[in-house]
Amino acid sequence: MKRITTVLLGALLAAGTAHADIVVIGHPSAAALTRAQVSDIYLGKSQGATPLDQAESAPIRAEFYKKATGRDPAQVKATWSRLVFSGKAMAPKELPDAAAVKKAVAADPKAVGYIDSAAVDASVKVLVTID
Amino acid sequence: MHLRSTAVVLAIAALCPVAAQAGDTGPSMFSFSGFGTLGAVHSDEKKADYVGSVFQPNGAGRTRSVDYGVDSKLGAQVNARFTDKLSGVVQVIAQHQYDNSSSPRVEWANLKYQLTPEFSARVGRIVMPTLMVSDSRMVGYANHWVRPPQEVYTVAAITSNDGVDATYRSQIGSANNTLNAFYGTSTARLPSGSAESDPSWGINNTVQIGSLTLRAGIVHTKLTLDVAQMNPLIAGLAMVDPALAQKYKLDGMSIGSTTLGAMYDPGDWFAMAEFAALRGDGLMADSRAWYASGGYRFGAFTPYVTYAQVKASIEEEPGAGMLIGGLNAAKHLMNGVQKSFSVGMRWDFMPSAALKLQYDRLDIGTNSSGRLTNAAPDFQPGKVNVVSVAVDFVF
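From first to last, the protein sequence lines stand for chains D and Y.
Quick note on our numbering: the first sequence kicks off at 3 and runs consecutively.
Quick note on our numbering: the second sequence kicks off at 140 and runs consecutively.
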């Protein structure tokens, strides 16, 4: 009985941690960021870093923006539309998956991206965790 | 002016093949995007037209019961990234305009050079940054309202500049500061003639700290109006009273504006307000306009309200006679007095598109036709009810 409980608890815990945090990653030489800085970068208010997006259909994208900026996809799109159509900024480049984000970020010291914390490896640096 | 903008467009076109050969900058050098609005407006004022801007010759109310030209528009933009420092943009918009057509016109066409991460300069056609959302006023999808408050946003007939601008961004602690200055000339076609600015220049500064944005700016314009109804009036005045004709000359009027704006946008709700003081000259009177707008987001629905007003200090010329009468009438026509209260709802019903429904209640000032145009001789200023439906989209 005790064994089964332990196994069940273990399974539950494993299922819990499968829903991993989102982390903002950057080049290994990049400085850490605050959540406020991440929000400003991803809403085009600050040009301190070059933000990268995942695909519009990827669930992590909506989740990231909700947690980091408090806004839903339509609001974020409206914010970027204002910037793009007034020539102030270009919309963040869209990349197909976490591997592409890591590759792009490792190649550009100014680029930042967001991926599942489980996908982090030594090629990139975690700048802040969004939970 | 026309030569200069053609030169810029040609310059961008000329750079394209050069940049394409410059190396594998890849397929991401050019990007294409666009925006649009499909809108319908009904106004119950049968003796004047409700229009979207001073550039529209007719609208809803007197000319048509339901007008589709007030807000409908289509914009297309090409962005080019030639090097990591040099980029260009061309934006073309088609909407109901001065000649009653919807032929496309160039709204933006400029080259931008990023000298340092903080400092950039642009040359070409640049939208004049008079107010907080002047440079995105056409992009319905970017804004909550169907159109910016006309009391404040349709003060000037000049909305863009052919010239240069410079922008300096800096970070002070967690605050982002953007300082911008511009200089240029412009010619705008009006339903009854044209408005030319030679030059227009200005400075504005925006401070953003978290959800709060504060903005202040000044614009100065040397304005020349060539308007069918006004020219004979001033010419007639010159024969009778040269000093008065000089005071009201349509050539080289010195117009200045000071604007202040604030916006708080934490995400679930927002509030914004702007104030504009215009220092006029001759037929253009001094005026003050302001608005306050706010809304709350309930999932995909954003109800909002706006209150706006514009007041002009019109000093009538003393005296009798047709010329003086015509002069004073022109002053009242050009400097509308109006206030309005709007309530509306935005529904983000699908990605990249939003449906809006807005009700505006206008209160036109005495002796004025406000921001309405085509007022009939027996037009009486009073209350006007306007209903608008619009679908905004981006692509």
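Note that the Cβ used here is the ideal one computed from N, Cα and C, for glycine as well.
* To do: Look up Asp499/Y in the DSSP assignment and say whether it is helix, strand or coil.
  => Three-state result, Asp499/Y: strand.
* **Span of the alpha helix (DSSP H), counted from its first residue to its last, around Ala377/Y** => Taken as a continuous stretch (DSSP letters only), the alpha helix (DSSP H) holding Ala377/Y covers 369-379.
* Touching or not, the stretch 370-390 of chain Y and the stretch 418-427 of chain Y, by the rule of three or more beta carbon pairs under 8 Å? -> Under the Cβ criterion (8 Å, minimum of three pairs), the stretch 370-390 of chain Y counts as touching the stretch 418-427 of chain Y.
* Asked: What three-state label does DSSP hand Gln56/D in the structure shown?
  -> In the structure shown, Gln56/D sits in a strand (DSSP, three-state: E or B).
* Asked: Would Gln160/Y count as contacting chain D if we go by Cβ distances under 9 Å?
  -> In this predicted model, Gln160/Y has a pLDDT of only 45, less than 50, meaning its place in the structure is not dependable enough to derive any value.
* **Closest residue to Ile265/Y among Trp340/Y, Gly434/Y, Gly198/Y (Cα-Cα distance)** => Ile265/Y has its Cα closest to that of Trp340/Y, out of Trp340/Y, Gly434/Y, Gly198/Y.
* the stretch 107-122 of chain D / the stretch 56-63 of chain D touching (three or more Cβ pairs under 8 Å) -> Contact between the stretch 107-122 of chain D and the stretch 56-63 of chain D is present, because at least three Cβ pairs lie under 8 Å.
* **Listed by chain order, chain Y residues near Gly50/D by CB distance under 8 Å** => The answer, in chain order, is Gln310.
* **Ser479/Y burial status per 10 Å Cβ neighbour count (16 or more: buried)** => Buried.
* Considering Ile453/Y, what are the terminal residues of the alpha helix (DSSP H) in which it resides? -> For Ile453/Y, no alpha helix (DSSP H) segment is defined, and its DSSP state is neither H nor E.
* Asked: Does the pairing of the stretch 387-403 of chain Y with the stretch 346-361 of chain Y give three or more beta-carbon distances under 8 Å?
  -> Touching, per the Cβ criterion.
* Should the stretch 291-306 of chain Y be regarded as contacting the stretch 316-326 of chain Y, the criterion being three or more beta carbon pairs within less than 8 Å? -> Short answer: they touch.
* **Spatial neighbours of Thr164/Y in its chain, beta-carbon cut-off 6 Å, leaving aside the 5 residues before and after** => Annotation note: pLDDT 43 at Thr164/Y (below 50); position unreliable, coordinate value reported separately. Result list for Thr164/Y: empty, nothing under 6 Å.
* To do: Under 7 Å between beta-carbons, which chain D residues line up against Asp487/Y? List them in chain order, please.
  => For a Cβ distance threshold of 7 Å, residue set Ala76 of chain D lies close to Asp487/Y, ordered along the chain.
* **Cβ-based contacts, 9 Å cut-off: residues of the stretch 25-53 of chain D near chain Y** => Within the stretch 25-53 of chain D, the residues whose Cβ lies closer than 9 Å to some Cβ of chain Y are Thr36, Ala38, Gln39, Ser41, Asp42, Lys47, Ser48, Gln49, Gly50, listed in chain order.
* **Three-state secondary structure (DSSP) of Asp42/D** => Reduced to three states, the DSSP call for Asp42/D is helix.
* Excluding the 5 residues preceding and the 5 following Leu35/D in the sequence, name in chain order all residues of the same chain whose CB lies nearer than 6 Å to its CB. => Within the same chain, Leu35/D has close Cβ partners Leu129, Val130.
* To do: In angstroms with no decimal places, state the Cα-to-Cα distance between Thr222/Y and Pro520/Y.
  => The alpha-carbon atoms of Thr222/Y and Pro520/Y are separated by roughly 56 Å.
* **the stretch 286-297 of chain Y in contact with the stretch 477-491 of chain Y per 3-pair CB rule at 8 Å** => Under the three-pair Cβ rule at 8 Å, the stretch 286-297 of chain Y counts as touching the stretch 477-491 of chain Y.
* **Amino acids of chain D, ordered along the chain, whose beta-carbon sits closer than 7 Å to that of Ser313/Y** => Chain D residues near Ser313/Y: Ala38.
* Asn467/Y: first and last residue of the uninterrupted alpha helix (DSSP H) it sits in -> In this chain, the alpha helix (DSSP H) harbouring Asn467/Y covers 461-473.
* Using three-state DSSP, classify Thr131/D as helix, strand or coil. => Of the three classes helix, strand and coil, the one that applies to Thr131/D here is strand, per DSSP.
* **Where Val86/D meets chain Y, residues with beta-carbon distance less than 7 Å** => Within 7 Å Cβ-Cβ: Ser172.
* Asked: What are the boundary residues of the alpha helix (DSSP H) that includes Val346/Y?
  -> First-last for Val346/Y: 332-348, but that is the beta strand (DSSP E), not the alpha helix (DSSP H).
* Taking only the alpha-carbon atoms, compute the straight-line gap between Ala80/D and Met392/Y and give it to the nearest angstrom. => Between Ala80/D and Met392/Y, the C-alpha separation is close to 38 Å.
* **Exposure label - Leu254/Y; buried when at least 16 CB within 10 Å** => Counting every other CB atom within 10 Å of its CB across the protein chains shown gives Leu254/Y a total below 16, marking it as exposed.
* Taking the C-alpha atoms as reference points, what is the distance between Leu417/Y and Glu96/D? -> Straight-line Cα distance between these residues: approximately 44 Å.
* **chain D contact residues for Trp247/Y, given Cβ-Cβ distances below 9 Å** => Residues of chain D passing the Cβ test: Phe87, Ser88, Gly89.
* **Neighbour flag for Thr131/D against chain Y, beta carbons, 9 Å** => No, because no Cβ of chain Y sits closer than 9 Å to the Cβ of Thr131/D.
* To do: Would you mind telling me which residues of chain D sit closer than 7 Å to Asn218/Y, beta carbon to beta carbon, in chain order?
  => Within chain D, the residues near Asn218/Y are Met92.
* Straight-line gap, Thr564/Y to Met484/Y (C-alpha atoms, nearest Å) -> Outside the modelled stretch of chain Y, which goes from 140 to 534, sits residue 564/Y, for which no answer is possible.
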